[in-house]
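The structure under discussion appears below in the form of structure tokens.
Residue numbers (mature numbering (1 follows the signal peptide of the UniProt record, and there is no 0)): -23 to -1, 1 to 809.
Below is the structure:
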């Protein structure tokens, strides 16, 4: 089967001409005994639910009902997203493999005016938590009071900042924090784990490395007491663990992070290779993560690393654009961090951000963003908080989500096996992040079982191909050498391979394909799904004596193994292992492209594999699908549905009430084991007119200053130099669409989108595509939209990606709108 936008041909074979004699064998000794995990030095809150379910932690990993638990957490800010979107977006996160949703409570979004709390509409924390629970997600509430989040004063209201000291045990400040916490406690009352809800964690403060009178560990301890006083009794209490964090050991556990660049930095050039792409064998702290205060000594997280599990909260799901540094990251820049962090011992993978958003405006339409005008270290856009996240502000699925999802499925299927395993260091590993020649790999193992993690990707820097490579992993009872023939590991490759993986009693010695997920088929046996690695031939090695069949592959026995080579990736059965007295073990090896289209859904009463290039999630036992720009839907399911599905489509209420229409679903030829369906909706070609209404004038020179002593965003009055364009979107052309993404292609410094004088969105030019969903603003389409573009000066001391840097051709500045289009978003609801 060929899915549109993705070629699903068999993966190109790697180089097998090299012989064992000239192979480069990369060795790692994993033979030492794995010590039992120490009891964590943590005072957990109430960790038993009314139904008896329990959460826990030791010094190595989290537990759920006593079993090891390795969840994936994604950040999604409710107050930056319309409440009408929450339910669908939370279900999209669940479908993407997220287990826990985390969200900051931004104090100034709720109490901008002293004593006037607002928990309504887009600020309804209680409703957000309830919808997350209904979507099957656990929740971590990050209560601050200082959260950073690129918000003015880190989220602390102006009236607090203007009147008293903050981030310390000042009596006046702590009285207001107590009141805030009481409000949050009321919002999540009855939603806690101990109540049968899904709020499992509270994060206190953020990036806290202050020490001195009324600060340091004493302040974090006091915040925890206030949280408990407010009824926030949860299993887990966390603080961010980087940049010299200080906290009371045992009261909270640190969570860590890492980003592929530093948009908060001051350099106008490419940065040296980031350590985020190198395996960690000592410290858990990954360099500069942008804390606003300076540490003066190693923090508590460094001394606590042997008694707390290695948990993550802020591994970049993307990056923000800041005025002076506008870094664009690729899907591989983000996804390649997964094998590195998991291979370094991370036992909670948390993303910041997983879902983008937009800042609310304050009273009188003022911005509430972090800026140098209010003493912030960074300048950020007034409204946009896109973050290049896997899910965009309008719910659009980005390529990075497709690259991440196979790893999320892996942790859900195999995380209980991985979590207790300890990290093993290779005999030779890079000594510095800028070593681009030495192979980057690690093993996590327990006894003779483990996983091999490999990364040969570093953002903006070519890595040396690992030519004619084999790995030799010494385990307590054996040494496994893989593959059987040397292979080349190309620049940009990253993956996880299993070592002695137990598949329902059948031992898979190794595979040169990445394990993705498992499907229990009852009497039909276990189905194991793997993903081929680009350029690497697929091998599966079982214990000698294993009876297997593999259509088109070669099976050889000897040397204590049954080796299957020549496996052709695709959607069909690759290998069947026949077992006396037990159902067979079935293995499917997907192509890399197919693995990025794979999700696991519960539909028609059971778990099923879903292959589709379209965005998909389950809502009320129906498959909700969205397609951006293409009215044709194609999806494949395994196991097959018990009956032919029916489908409908419902457009947004662009004019009048939304109308639901029946859609014909056609069965196509099966693709391997998958049952294939297709459906086509009427195509929309939305015509947009753009008229320039104002010419740009000379922009003022970019000023240098602020706390960072770097380029500062232009003052408000300097926007008088912006050029203007009027955009007309015929509203009637949108009827039947789920959404319509206004796509503005401009070159300049800053773009701003308005309806009348109301700013809807803004964007720093970077070469990354600016999109704005019209669905939430349908009522504003009765009058023209306008976009203003402040000129980008040729001498602006800001960082832009090389490919985005315009050719000024001798001109002093540039401000132009190159085009405006509307990308239709189609919706299909499939009822099994």
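Glycine included, each C-beta is placed from N, C-alpha and C at the ideal position.
For this session: Could you give the DSSP three-state label for residue -17: helix, strand or coil?
Result: The count along the chain shown starts at 1 and reaches residue -17 at position 7. Unreliable positioning characterises residue -17 in this predicted model, as indicated by a pLDDT of 32, which lies under 50. The coordinate reading is nonetheless provided below. In this structure, DSSP gives residue -17 a state outside helix and strand, which the three-state scheme calls coil.
For this session: Report, in whole angstroms, the separation of the C-beta atoms of residue 305 and residue 731, which I expect to be a contact under 8 Å.
Result: By one-based count along the chain shown, residue 305 stands at place 328. By one-based count along the chain shown, residue 731 stands at place 754. Their Cβ separation, rounded to whole angstroms, is 25 Å, which puts residue 305 and residue 731 out of contact at 8 Å.
Exercise. Anyone know if the C-beta pair for residue 383 and residue 508 falls short of 7 Å?
Worked result: To locate residue 383, count along the chain shown from 1; it is residue 406. To locate residue 508, count along the chain shown from 1; it is residue 531. For residue 383 and residue 508, yes; Cβs fall inside 7 Å.
Exercise. Helix, strand or coil: which one does DSSP assign to residue -3?
Worked result: Within the chain shown, numbered from 1, the residue matching residue -3 stands at position 21. Only weak support is given to the placement of residue -3: the predicted model assigns it a pLDDT of 48, under 50, and the question is left unresolved by the model.
For this session: Could you tell me which of 666, 571, 451 sits nearest to residue 648, measuring between CA atoms?
Result: Position 671 of the chain shown, counted from the start, is the residue given in the question as residue 648. Out of 666, 571, 451, 571 has the C-alpha closest to the C-alpha of residue 648.
Problem set entry | Sub-7 Å separation of residue 217 and residue 184 beta-carbons | The residue given as residue 217 occupies position 240 in the chain shown. The residue given as residue 184 occupies position 207 in the chain shown. Their beta carbons are under 7 Å apart, which means residue 217 touches residue 184 by this criterion.
Exercise. Should residue 779 be labelled buried (16 or more other beta-carbon atoms within 10 Å of its own) or exposed?
Worked result: Translated into the one-based positions of the chain shown, residue 779 becomes position 802. Exposed, by the Cβ-count rule.
For this session: Starting from residue 406, follow its DSSP beta bridges and name the residues at the other end.
Result: Counting from one through the chain shown, the residue named residue 406 turns up at place 429. For residue 406, no pairing in a beta bridge is given by DSSP.
Problem set entry | Sequence-distant residues of the same chain with beta carbon closer than 7 Å to residue 331, five excluded per side | Numbered from 1 along the chain shown, position 354 holds the residue referred to as residue 331. Counting only Cβ-Cβ distances below 7 Å, and skipping sequence neighbours, we find 51, 52, 53, 70, 75, 294, 366, 367, 368.
Exercise. When every heavy atom of the ligand ADP is checked, does at least one fall within less than 6 Å of the C-beta of residue 340?
Worked result: In terms of ligand content, the structure shown is empty, and the ligand ADP therefore cannot be addressed.
Exercise. Can you tell me the Cα-Cα spacing of residue 401 and residue 7, whole angstroms?
Worked result: As a working note, residue 401 is residue 424 in the chain shown. As a working note, residue 7 is residue 30 in the chain shown. Using only the alpha carbons, I get a separation of about 6 Å.
For this session: Determine the direct distance from the alpha carbon of residue 40 to that of residue 391, and round the result to whole angstroms.
Result: Taking the chain shown and counting its residues from 1, the one referred to as residue 391 is at position 414. Taking the chain shown and counting its residues from 1, the one referred to as residue 40 is at position 63. Roughly 14 Å separates the two Cα atoms.
Problem set entry | C-alpha distance - residue 137 paired with residue 92, whole-angstrom precision | Taking the first residue of the chain shown as position 1, residue 137 is located at position 160. Taking the first residue of the chain shown as position 1, residue 92 is located at position 115. One C-alpha to the other measures close to 11 Å.
Problem set entry | 6 Å Cβ shell around residue 555 - same chain, five flanking residues per side excluded | Numbered from 1 along the chain shown, position 578 holds the residue referred to as residue 555. The beta carbon of residue 555 is closer than 6 Å to those of 524, 561 in its chain, skipping five residues each way along the sequence.
Problem set entry | Distance, residue 601 Cα to residue 661 Cα | Your numbering for residue 661 matches position 684 in the chain shown. Your numbering for residue 601 matches position 624 in the chain shown. For residue 661 and residue 601, the distance between alpha carbons rounds to 20 Å.
Exercise. Alpha helix (DSSP H) containing residue 49: first to last residue?
Worked result: Reading the chain shown from its first residue, position 72 is the one you call residue 49. Run containing residue 49: none in the alpha helix (DSSP H); it sits in the beta strand (DSSP E), 49 to 52.
For this session: With a floor of 3 residues, list each beta strand (DSSP E) that falls wholly inside the segment 430 to 482, ordered by position along the chain.
Result: For the segment 430 to 482, whole beta strand (DSSP E) runs of length 3 or above, ordered along the chain, are 443 to 451, 456 to 466, 471 to 480.
For this session: Flag this pair as yes or no: are the beta carbons of residue 38 and residue 45 separated by less than 7 Å?
Result: As a first step, residue 38 is located in the chain shown; it is residue number 61 there, counting from the start. As a first step, residue 45 is located in the chain shown; it is residue number 68 there, counting from the start. Cβ atoms of residue 38 and residue 45: closer than 7 Å.
For this session: Specify the secondary structure class of residue 808 as computed by DSSP and reduced to three states.
Result: Here residue 808 corresponds to residue number 831 of the chain shown, with the count starting at 1. Looking at residue 808 - three-state DSSP - the assignment turns out to be strand.
For this session: Could you give the DSSP three-state label for residue 131: helix, strand or coil?
Result: What you label residue 131 is simply residue 154 of the chain shown in a count that begins at 1. Reduced to three states, the DSSP call for residue 131 is helix.
Problem set entry | Straight-line gap, residue -3 to residue 417 (C-alpha atoms, nearest Å) | The sequence position of residue -3 within the chain shown is 21, counting from 1. The sequence position of residue 417 within the chain shown is 440, counting from 1. Model confidence at residue -3 stands at a pLDDT of 48, short of 50, so the residue's coordinates are unreliable and nothing is read from them.
For this session: Sort 249, 762, 655 by Cα distance to residue 807 and report the nearest one.
Result: Residue 807 sits at position 830 when you count from the first residue of the chain shown. Ranking 249, 762, 655 by Cα distance to residue 807 puts 655 first.
For this session: Would you decide whether residue 409 is buried or exposed? Buried here means 16 or more other CB atoms lie within 10 Å of its CB.
Result: The sequence position of residue 409 within the chain shown is 432, counting from 1. Exposed: under 16 other Cβ atoms inside 10 Å.
Problem set entry | Given 8 Å, three or more beta-carbon pairs between the segment 285 to 302 and the segment 318 to 326 | yes
For this session: Name, in chain order, the residues that DSSP records as bridge partners for residue 655.
Result: To locate residue 655, count along the chain shown from 1; it is residue 678. Under DSSP, residue 655 shares a beta bridge with 611, 643.
Exercise. What are the uninterrupted segments assigned as alpha helix (DSSP H) that are 4 or more residues long and contained completely in the segment 228 to 314, given in chain order?
Worked result: 277 to 280, 308 to 312
Problem set entry | Cβ contact check for the segment 529 to 536 and the segment 471 to 488: 3 or more pairs under 8 Å | no
Problem set entry | Distance between residue 442 and residue -7 (C-alpha atoms, nearest Å) | Counting from one through the chain shown, the residue named residue -7 turns up at place 17. Counting from one through the chain shown, the residue named residue 442 turns up at place 465. Caution applies to residue -7, whose pLDDT of 37 falls short of 50 and renders its modelled position unreliable; the value that the coordinates give is listed next. The straight-line gap from Cα to Cα measures roughly 16 Å.
Exercise. Would you call the CB atoms of residue 35 and residue 10 closer than 7 Å?
Worked result: Mapped onto the chain shown, residue 35 falls at position 58. Mapped onto the chain shown, residue 10 falls at position 33. No, the pair does not count as a contact, with Cβ atoms beyond the cut-off.
Problem set entry | Extent of the continuous beta strand (DSSP E) run through residue 572 | The count along the chain shown starts at 1 and reaches residue 572 at position 595. Residue 572: not part of any beta strand (DSSP E); member of the alpha helix (DSSP H) spanning 569 to 573, first to last residue.
Exercise. Does the beta-carbon distance from residue 792 to residue 725 come in below 7 Å?
Worked result: Here residue 792 refers to the residue found at position 815 when the chain shown is read from its first residue. Here residue 725 refers to the residue found at position 748 when the chain shown is read from its first residue. Cβ distance < 7 Å, so residue 792 and residue 725 count as in contact.
Exercise. For residue 133, is the classification buried or exposed, using 16 other Cβ atoms within 10 angstroms of its Cβ as the cut-off for buried?
Worked result: For this step, residue 133 is matched to residue 156 along the chain shown. Its Cβ being crowded by 16 or more others within 10 Å, residue 133 is buried.
Exercise. What first and last residue would you give for the alpha helix (DSSP H) that runs through residue 377?
Worked result: The count along the chain shown starts at 1 and reaches residue 377 at position 400. Note, residue 377: alpha helix (DSSP H), 376 to 395.
For this session: On a CA-only basis, which of 98, 462, 440, 705 is nearest residue 470? Give me that one, please.
Result: The sequence position of residue 470 within the chain shown is 493, counting from 1. Cα-wise, what sits closest to residue 470 is 440.
Exercise. Residue range of the alpha helix (DSSP H) that residue 833 falls in?
Worked result: No answer is possible for residue 833: the residues shown for the chain start at -23 and end at 809.
For this session: Could you check if residue 653 is buried or exposed, using at least 16 other CB atoms within 10 Å of its CB as the buried criterion?
Result: Numbered from its first residue, the chain shown carries residue 653 at position 676. It is buried - the Cβ of residue 653 has at least 16 other Cβ atoms within 10 Å.
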